[in-house]
Amino acid sequence: MAAQALSERDLAFMLYELFDAESLTARARYADHGRETFDAAIEIGKTVALKHFLPIRKKVDTNEPTFDGERVHLIPEIKPALDAVIEAGLAAPASDFKSGGMQLPLIVTNVAQAHLSAIASTTLGYISLTNANANLIEAHGSEEQIETWVRPMREGRFMGTMAMTEPGAGSGLADLTTTATREADGSYRLTGNKIFISGGDHELSENIVHLVLARVKGAAKGVKGISLFIVPKFLLNDDGSIGKRNDVALAGLFHKMGGRGHTSTALSFGEKGGATAYLVGEENKGLMYMFHMMNEARIMVGTGAALTALTGYQYSLDYARERPQGRLLGNKDPQSPPIPIIEHADVRRMLLTQKAYAEGAYALCLLGSQLADDEKTAETEEARTQAHTLLDFLTPIIKTWPSEYGPKANDLAIQVMGGHGYINEHPVEMFYRDNRLNPIHEGTTGIQSLDLLGRKVPMNKFAGYQAILNEMQGTIDKARDTELSLFAGQLGAALTELQQTTTTVLGATAEKNIDLVFSNSVSYLEMFGHIVVAWIWLRQGLAADAGLQANPHKDDEHFYRGKLQAMQFFYRSELPKIYHWSKLVRDIDGTSFEMKPDWF
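Residue numbers for the sequence shown follow UniProt numbering, so the first one is 1 and each next one is one higher.
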């Protein structure tokens with residue numbers, strides 16, 4: 001039977017050998033923790049995932065939510081599974097002790113929830129989005145709003161969403177038409193329609209707290225006139241108990257290719273005179289506030305994509321070890337027994353590609369979690385600022401690279417298993433369907449590429465761009481005097497190519513049509529993402545090399561050599577692709593741009 005859980009050895013390697021999470025216990029916030037408490041949280045997450053989510057995974061996938069015109073129906077097993085996560089303290093383990101959290105570092109939280117994310121698929125999204133919603137209100141809301149809405153979300157009684165997308169605007173938030181009118185009591189009346197609202201309606205909690213982008217009547221057009229509002233499904237009585245239904249109506253459910261445990265909804269606000277809404281922060285600053293949640297959600301998307309890739313890899317790896325079929329080309333004896341398919345070179349190629357993609361992607365996401373934590377808890381202001389600069393710059397890459405290459409890894413998991421991968425008796429086809437959403441939501445790959453090239457690179461006089469170049473150069477310098485010097489040289493050459501490409505393409509914006517110049521922005525993002533993941537793999541290689549030098553046990557020796565082989569694969573088979581992407585970008589290739597709509 002193929003494995004249903006992630007590799008605990010790999011999780012430990014990333015957490016302790018690659019990112020040295022134990023060192024975080026020197027910070028005051030984490031002084032009560034040690035490796036024992038970190039490992040205990042990870043074990044709890046695995047136990048809950050295997051006990052409550054694995055048995056219902058297929059049922060969740062084959063019984064998508066339904067809407068009878070009045071209420072949403074989910075299979076009944078979902079609620080007790082989510083309740084088990086909340087009761088285990090894993091809904092928001094990074095939150096303060098006083099809020100009922102474990103006060104874990106964000107990177108440890110990521111790993112503690114890894115098995116849940118991998119096994120529960122998007123069903124865990126009810127809790128993840130609620131946590132992100134609460135984090136936003138804590139950062140930008142009033143004390144009263146925190147007490148009223150965040151506390152019950154932290155306790156698991158309320159759940160939360162974010163409502164941005166509109167039927168006529170899609171990702172173009174400047175064109176949103178949802179409006180809000182201020183009332184005499186300081187609240188607002190909100191009217192409009194939103195679509196693709198994950199977790200927008202259900203009966204898993206007492207209440208649902210929607211964070212809604214809208215334009216106050218009279219506000220400026222475009223993104224500068226957008227405000228952010230708390231719009232609950234149910235209003236509250238003066239004592240905090242659940243009151244009457246707010247003017248928020250479920251207009252329908254979307255039926256999805258995958259991720260069927262998490263409702264995707266169309267919501268109508270204000271059909272009966274206006275939904276009661278409460279302004280977060282100040283008017284016209286809503287998009288800035290929402291980016292707090294969107295950026296957190298983008299890292300969640302990348303993490304989910306990476307973990308879905310990892311679980312598909314692990315499943316197909318174990319299948320390949322157990323499945324006998326065929327003989328090697330050099331074996332001329334038809335009477336000899338079939339060999340496990342992992343002995344076939346092309347199967348190993350596909351497994352190694354998955355390993356390079358999935359483990360590279362998850363390490364990148366853990367870096368994002370580490371930077372998010374350093375941004376808040378690093379010892380010096382300089383270190384906190386540096387972490388913020390790096391995380392802000394890397395967010396489009398952390399979101400996009402795993403979400404593009406995670407499904408590619410899942411596609412290969414299906415291929416490894418052949419016909420058995422294509423049928424639903426095995427979960428790898430479901431992993432692919434679940435993962436395919438990730439390049440789309442929270443900003444498509446195209447949108448992220450424009451954000452990277454057009455905004456993040458030149459922002460603040462290239463501060464983030466230069467910061468990540470410096471980080472990568474530091475690793476190159478460290479590796480030059482080791483057994484990995486060849487790879488350090490290859491990464492150094494890639495950095496030179498990146499810098500030359502960046503200079504050329506941004507210089508062209510002064511002379512050529514900006515839409516033409518940016519028409520290959522996705523190729524730029526692909527190039528930058530591959531270089532960053534090559535850097536991440538060099539860091540993993542250095543950690544594995546250090547492990548080998550310590551004369552490890554035979555099993556660990558095999559593990560470390562597998563890491564080094566995956567790094568070598570990425571440098572030989574993947575990193576050279578950047579030169580093709582670079583040429584498209586540097587030449588301002590107009591093939592796609594010049595294609596006329598009438599020619600299709």
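For each residue, glycine too, the CB sits at the ideal point set by N, CA and C.
So does the segment 152-160 actually touch the segment 129-139, counting three or more Cβ pairs closer than 8 Å?
Yes: at least three Cβ pairs fall under 8 Å.
With a threshold of 6 Å on Cβ separation, who are the neighbours of Glu369 within its own chain once the five nearest residues in sequence on each side are excluded?
In the sequence as displayed, the identity of residue 369 is Ser instead of Glu. By the criterion of a C-beta distance shorter than 6 Å, Ser369 is surrounded in its chain by Leu106, Ile107 and Asn110, once the five residues flanking it on both sides are discounted.
Sub-8 Å separation of residue 603 and Tyr319 beta-carbons
Since the displayed the chain opens at 1 and closes at 600, residue 603 lies outside it and no answer follows.
State buried or exposed for Asn424, treating a residue as buried only when at least 16 other CB atoms are found within 10 Å of its CB.
Label assigned to Asn424: exposed.
Rounding to the nearest angstrom, what Cα-Cα distance links Phe202 and Gln386 in this structure?
The sequence as given places His at residue 202; Phe does not occur at that position. Put simply, the backbone Cα of His202 is about 41 Å away from that of Gln386.
What residues in its chain sit with their C-beta under 8 Å from that of Asp545, if we drop five residues either side in the sequence?
Within the same chain, Asp545 has close Cβ partners Thr482, Glu483, Leu484, Tyr560 and Leu564.
Spatial neighbours of Ile341 within its chain, please: C-beta separation below 6 Å, excluding the five flanking residues on both sides.
Its chain contains Ala320, Arg323, Gln325 and Val347 as the residues whose beta carbon lies nearer than 6 Å to that of Ile341, once the 5 sequence neighbours on both sides are disregarded; these appear in chain order.
Taking DSSP as the reference, what is the three-state secondary structure of Pro576?
Pro576 falls in the helix class under three-state DSSP.
What does the alpha-carbon distance come out to for the pair Ala479 and Thr502?
Their backbone Cα atoms lie some 25 Å apart in a straight line.
As an exercise, report each continuous alpha helix (DSSP H) stretch of at least 4 residues that is fully enclosed by the segment 140-194, in chain order.
Counting only runs of 4 or more, we get 151-154.
Tell me, which residues are paired with Ile531 by DSSP?
Beta-bridge analysis with DSSP links Ile531 to no other residue.
What did DSSP end up calling Phe67 once you bin it into helix, strand or coil?
Note: Phe67 maps to strand in three-state DSSP.
Local conformation of Ala91 per DSSP, three classes:
The answer is coil: DSSP assigns Ala91 none of H, G, I, E or B.
One or two residues paired with Phe338 in a DSSP bridge:
According to the sequence shown, residue 338 is Pro rather than Phe. None; Pro338 has no bridge partner.
Just list the residues that DSSP pairs Arg245 with in beta bridges.
According to DSSP, which records beta bridges pairwise, Arg245 is partnered with Phe234.
Among the candidates Cys365, Val150 and Ile440, whose CA atom is the shortest distance from the CA of Gly258?
Each of Cys365, Val150 and Ile440 was checked against the Cα of Gly258, and the nearest Cα belongs to Ile440.
Pick out the complete alpha helix (DSSP H) segments inside the segment 435-471, 4 residues or longer, and give them in chain order.
Here the runs fully enclosed are 445-450.
Buried/exposed call for Lys272, threshold 16 Cβ in 10 Å
Its Cβ having fewer than 16 others within 10 Å, Lys272 is exposed.
Just tell me which of Asp61, Ile119, Thr62 and Thr66 has its CA closest to the CA of Val85.
Residue Ile119 is the option with its Cα nearest to Val85.
Pick helix, strand or coil for Val522, following the three-state DSSP scheme.
Helix.
Out of Thr311, Thr66 and Ala363, state which residue places its alpha-carbon closest to the alpha-carbon of Lys46.
Closest by alpha carbon: Thr311.
Hey, would you say Ile93 sits closer than 8 Å to Thr263, going by beta carbons?
As written in the sequence, residue 93 is Pro, which differs from the Ile given in the question. Contact flag unset, no.
Whose C-beta lies closer than 6 Å to the C-beta of Phe254 among residues of the same chain, with five residues either side of it excluded?
Once the five neighbours on either side are set aside, the close Cβ partners of Phe254 are Ser264.
Met595: buried (16+ other C-beta within 10 angstroms of its C-beta) or exposed?
Classification for Met595: exposed.
How should Trp535 be labelled, buried or exposed, when 16 other C-beta atoms within 10 angstroms of its C-beta is the threshold for buried?
Using a 10 angstroms sphere on the CB of Trp535, the tally of other CB atoms reaches 16 or more, which defines it as buried.
To the nearest angstrom, how far is it from the Cα of Gly100 to the Cα of Asp598?
Going by the C-alpha atoms only, they are around 59 Å apart.
Just list the residues that DSSP pairs Ala566 with in beta bridges.
Ala566 pairs with nothing; no bridge assigned.
Give me whichever residues DSSP pairs with residue 631 in a beta bridge.
Residue 631 lies beyond the stretch modelled for the chain, which goes from 1 to 600, so this question has no answer here.
N- and C-terminal bounds of the beta strand (DSSP E) containing Phe269
Where Phe269 is concerned, the enclosing beta strand (DSSP E) stretches over Ser264 to Phe269.
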